[in-house]
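In what follows, a structure is listed as structure tokens, so that the remarks can point back to it.
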Amino acid sequence: MDQDKNVSSFTRLDILIQYYLDRVTPYVVARWLTNLCLLIVFVVRIISIHGFYIIAYCLGIFLLNQFLLFLTPKQDPSFADDDDHAPSLPTRSNEEFRPFMRRLPEFKFWYITFKAFAISLILTFIPILNIPVMWPVLVIYFIVLFVLTMRQPKLIADQAPAAIKEGEMANYFGRKIAIDASMSIYQFLIAVRQNGENLTNDSGETTSHLMGMFYRTIRMIENGIKPVYVFDGKPPQLKSKELEKRLERRTEAEAEKTKAADAGDGEAFDKFARRTVKVTREHNDDCKRLLTLMGVPYVDAPTEAEAQCAALVKQGKVYGVGTEDMDALTFGADVLVRHLTFSETRKMPIREYSLTKALQGLGINFEEFTDLCILLGCDYCDSIKGIGQKRALDLIKQHRNIETILKNIDKKKYAVPDDWAYEQARQLFKVPEILPADATDLKWTEPDEDGLVSYMVKEKGFS
DNA sequence: ACTCTGTCTCAAGACGCG
DNA sequence: TTGAGACAGAGT
DNA sequence: CGCGTCC
Numbered sequence: 132m133d134q135d136k137n138v139s140s141f142t143r144l145d146i147l148i149q150y151y152l153d154r155v156t157p158y159v160v161a162r163w164l165t166n167l168c169l170l171i172v173f174v175v176r177i178i179s180i181h182g183f184y185i186i187a188y189c190l191g192i193f194l195l196n197q198f199l200l201f202l203t204p205k206q207d208p209s210f211a212d213d214d215d216h217a218p219s220l221p222t223r224s225n226e227e228f229r230p231f232m233r234r235l236p237e238f239k240f241w242y243i244t245f246k247a248f249a250i251s252l253i254l255t256f257i258p259i260l261n262i263p264v265m266w267p268v269l270v271i272y273f274i275v276l277f278v279l280t281m282r283q284p285k286l287i288a289d290q291a292p293a294a295i296k297e298g299e300m301a302n303y304f305g306r307k308i309a310i311d312a313s314m315s316i317y318q319f320l321i322a323v324r325q326n327g328e329n330l331t332n333d334s335g336e337t338t339s340h341l342m343g344m345f346y347r348t349i350r351m352i353e354n355g356i357k358p359v360y361v362f363d364g365k366p367p368q369l370k371s372k373e374l375e376k377r378l379e380r381r382t383e384a385e386a387e388k389t390k391a392a393d394a395g396d397g398e399a400f401d402k403f404a405r406r407t408v409k410v411t412r413e414h415n416d417d418c419k420r421l422l423t424l425m426g427v428p429y430v431d432a433p434t435e436a437e438a439q440c441a442a443l444v445k446q447g448k449v450y451g452v453g454t455e456d457m458d459a460l461t462f463g464a465d466v467l468v469r470h471l472t473f474s475e476t477r478k479m480p481i482r483e484y485s486l487t488k489a490l491q492g493l494g495i496n497f498e499e500f501t502d503l504c505i506l507l508g509c510d511y512c513d514s515i516k517g518i519g520q521k522r523a524l525d526l527i528k529q530h531r532n533i534e535t536i537l538k539n540i541d542k543k544k545y546a547v548p549d550d551w552a553y554e555q556a557r558q559l560f561k562v563p564e565i566l567p568a569d570a571t572d573l574k575w576t577e578p579d580e581d582g583l584v585s586y587m588v589k590e591k592g593f594s
């Protein structure tokens, strides 16, 4: 695991292997068919030469063991008893939902079985391993074990408890991760400031976003993560109301800011300055330039970056979405990685959320999940007062969709908003405007060091 | 007594030095 | 903006 | 670790 001395010497090979693994990841059926073929070859060989039963037995036990891990939700000891005060589940779309992660993800399960089949097959060519045993004994042994072990996971699965996968950066070695660029830039602009102002170069251009983007990307690449940045496009129509509100608030904050500046109130100034932050075209262009120089690909989303990120996951082009925003799950991204960036600096573990496992845990399907998220409140429309996490989930479980809920609900108690646009919102989640798979070409190349230096140092005044 | 919701507040990035 | 945590108030 | 600095 963490024997870093060895790691470096294997890095090359790792990268190579990971490269092929990545390419193979989307082809689930083909992968398993390959395994099936291997298994058949193995079985045929065992039967035809009447030997090596011990290897078959070991293989069987191993497969059984892995299969159990595959069925079992990941249950971290530290999360074992957080039933009431689920400490860090976000409020928005998944306070009550216990994201549900297999202890052994599908891909890893496949990979490990693949290796197991291959190794077993090879072992059958080593005569010394042909240890004579009574094969019926082994079969009985195996059946007993099988029956015994198959009982447990049912118990665990029935409880379907919290299952967030936690891990280190290193676990994502070689993985491709889609990241909402605008969101990151926004965060950099907000967080990276000194005396209430962003960092700037001599000519007064803001450089906070470049700083953050630069270091963060470096960090990820160092860890073998291949990031793809996704830039926001035009916001959808439905969001305009929300955006109006934001603009209003920003203008308000602007006024407060000026007031604070006049009064010489540094703290207040800082506070309001953060609220006036907006990601501009220039910021985006700067970052795109930087990314190009660093050899990191980016994608221009037609509308929402989160939606495009999710699409990249669905298309199998990246492993997951790296974000703090739970909306990515609503857009159908199966894998969501949180705290991806600061796990190294701070002691925050990386958390991986899986949509499929979460749905499993909640006992609902994706349409119902979408409705659930709308009920809980999204950017696109209002939500019903008095319905929060628990009630929303209960209602969804009972009625399965918003229409039925509306029919059955006591409208006096829970005021449904006028002209509630939940249907359009649902459409946006279901069929978001995204680029088709062949429109995005993700290539990671060597950084252009000279270009980087000249851009950062000469143009932006870095040292 | 308990559960659930809504509201408030706060912080926000990454580095390295001591 | 976002999430997280703490808390108060309404509902059961 | 906490805190000052990055530009």
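Using our numbering, you'd call the opening residue of the first sequence number 132 and step up by one each time.
All residues carry an ideal CB built from backbone N, CA and C; glycine is no exception.
Bear in mind the structure is a predicted one, so any value in this text is a computation, not a measurement.
Open item on the list: Let me confirm a value: L164 is counted as buried when at least 16 other C-beta atoms fall within 10 Å, else exposed. Which label applies?
Closed with: exposed
TODO: Can you give me the Cβ contacts of G592 inside the same chain, cut-off strictly under 6 angstroms, excluding the 5 residues immediately before and after it?
DONE: N332, D333
Task: Helix, strand or coil at N329 [DSSP, three-state] - done: strand
Task: Inter-residue CB distance, T244 and Q197 (contact presumed, cutoff 8 angstroms) - done: 6 angstroms
Task: For K370 and K448, the rounded distance between their alpha carbons - done: 28 angstroms
Task: Rounded straight-line distance, which links the Cα of M425 to that of Q325 - done: 27 angstroms
TODO: Kindly provide the ranges of any alpha helix (DSSP H) runs that are 4 or more residues long and lie completely inside the stretch 474–547, ordered along the chain.
DONE: 486–493, 497–507, 520–530, 533–539
TODO: Starting from the N-terminal side, write out each stretch of the beta strand (DSSP E) that is 3 residues or longer and does not extend beyond the stretch 362–446.
DONE: 429–431
- [ ] Mind checking who A309 pairs with in its DSSP beta bridge?
- [x] V359, V452
TODO: Express the C-alpha separation of Q446 and P157 in angstroms, rounding to a whole number.
DONE: 8 angstroms
Open item on the list: On the DSSP bridge list, what partners appear for L467?
Closed with: V452, Y484
Open item on the list: Nearest by alpha-carbon distance to G463: which of T501, V427, K307, L493 is it?
Closed with: T501
Task: Residue range of the alpha helix (DSSP H) that includes D572 - done: First-last for D572: undefined, no H or E at that position.
TODO: Can you grab the Cα-Cα spacing for the pair M314 / A546, in whole Å?
DONE: 33 angstroms
Open item on the list: Quick check: the Cα distance between Y150 and A552, rounded to an integer number of angstroms?
Closed with: 44 angstroms
Open item on the list: Please identify the residue among E379, Y303, Y188, D311 whose C-alpha is closest to the C-alpha of P263.
Closed with: Y188
Open item on the list: Assuming K589 is part of the alpha helix (DSSP H), what are its boundary residues?
Closed with: Segment: none, K589 is in no alpha helix (DSSP H) and carries neither H nor E.
Task: Sequence-distant residues of its chain with Cβ nearer than 7 angstroms to A523 (five each side left out) - done: L503, L506, L507
Open item on the list: For a test of the three-state rule: what should DSSP assign to T156, helix, strand or coil?
Closed with: coil
Task: Q318 versus E577 - alpha carbon distance - done: 27 angstroms
Open item on the list: Check for me: the alpha helix (DSSP H) holding G582 runs from which residue to which?
Closed with: 580–584
Task: Nearest to C418 (by Cα), restricted to the options I178, R162, I316 - done: I316
Open item on the list: Beta-carbon within less than 8 angstroms of K365's beta-carbon, same chain only, minus the 5 sequence neighbours each way: which residues are those?
Closed with: P433, T434
Task: Strand pairing of R324, partner residues [DSSP] - done: N329
Task: Beta-carbon contacts of N539 that lie in its chain and below 7 angstroms, excluding the five residues immediately before and after - done: H530
Task: Three-state class that DSSP yields for T255 in the structure shown - done: coil
Task: DSSP-derived helix/strand/coil call for T337 - done: strand
- [ ] Quick one: give me the first and last residue of the alpha helix (DSSP H) that E554 is part of.
- [x] 553–561
Task: Inter-residue Cα distance where the pair is Y511 and I192 - done: 51 angstroms
Task: Whole-angstrom C-beta distance between V323 and G343, which should lie under 8 angstroms - done: 6 angstroms
- [ ] For R162, I'd like the list of residues in its chain whose CB is within less than 7 angstroms of its CB, leaving aside the five on either flank, ordered along the chain.
- [x] V155, W241
TODO: Starting from T461, follow the alpha helix (DSSP H) in both directions and report where the run begins and ends.
DONE: 458–461
Open item on the list: Is the beta carbon of A436 closer than 8 angstroms to that of F362?
Closed with: yes
TODO: Within its chain, find whatever has a CB closer than 7 angstroms to the CB of F400; leave out the 5 residues flanking it on each side and keep chain order.
DONE: G327, K388, A391, A392
Open item on the list: I need the straight-line Cα distance from A249 to R176, nearest angstrom please.
Closed with: 13 angstroms
Open item on the list: Relative to the C-alpha of I352, which candidate in S339, I308, T338 has its C-alpha closest?
Closed with: I308
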